[in-house]
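In this text, residue positions in the sequence shown follow the numbering used here: the first is 2, and each later residue adds one. Glycine included, every Cβ here is placed at the ideal spot set by N, Cα and C. Quantities reported herein were computed from a predicted structural model and do not represent experimental measurements. Below: the structure, in structure tokens.
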Amino acid sequence: MDAATAAKDLIAPYRAALYDFDASGARAALDRIAAPDAVFRHCHPFGTLDGPEAFWDTALALLAKAMPDMERRDYIVMA
């Protein structure tokens, strides 16, 4: 298996959980694929977040609260 396919396989559970936003599945998948010291750089108002917990608490959880039917669609995936 080439590196790009392996990377896509690695993030597949996370992408699947975000498809219709399964919060518990997305959080568990994020914890599996992101290092504890990963740095997430985002636009305002999120900014730079240190670690998957900060990314979840500061960005994804708040977005899900604001948009209860949040979902994600990927049309092109490059890994």
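Ile34 and Pro50 - do their beta-carbons sit closer together than 8 angstroms?
Walking along the sequence shown from the start, residue 50 turns up at place 49. Walking along the sequence shown from the start, residue 34 turns up at place 33. With the sequence shown as reference, residue 50 is identified as Leu, and Pro is not the correct amino acid for it. No; because the gap between Cβ atoms is not below 8 angstroms, this pair is not in contact.
Do you know offhand how far Trp57's Cα is from Lys66's?
Reading the sequence shown from its first residue, position 56 is the one you call residue 57. Reading the sequence shown from its first residue, position 65 is the one you call residue 66. Answer to the nearest angstrom: the Cα atoms are 12 angstroms apart.
Could you tell me the alpha carbon to alpha carbon distance between Pro37 and Thr59, rounded to whole angstroms?
Within the sequence shown, numbered from 1, the residue matching residue 37 stands at position 36. Within the sequence shown, numbered from 1, the residue matching residue 59 stands at position 58. Looking at the two C-alpha atoms, the distance is approximately 15 angstroms.
Suppose you measure from the CA of Ala17 to the CA of Gly52; what does that come to, to the nearest Å?
Your numbering for residue 17 matches position 16 in the sequence shown. Your numbering for residue 52 matches position 51 in the sequence shown. For Ala17 and Gly52, the distance between alpha carbons rounds to 21 angstroms.
Within its chain, find whatever has a CB closer than 6 angstroms to the CB of Pro14; leave out the 5 residues flanking it on each side and keep chain order.
The sequence position of residue 14 within the sequence shown is 13, counting from 1. Only Ala30 meet the Cβ criterion.
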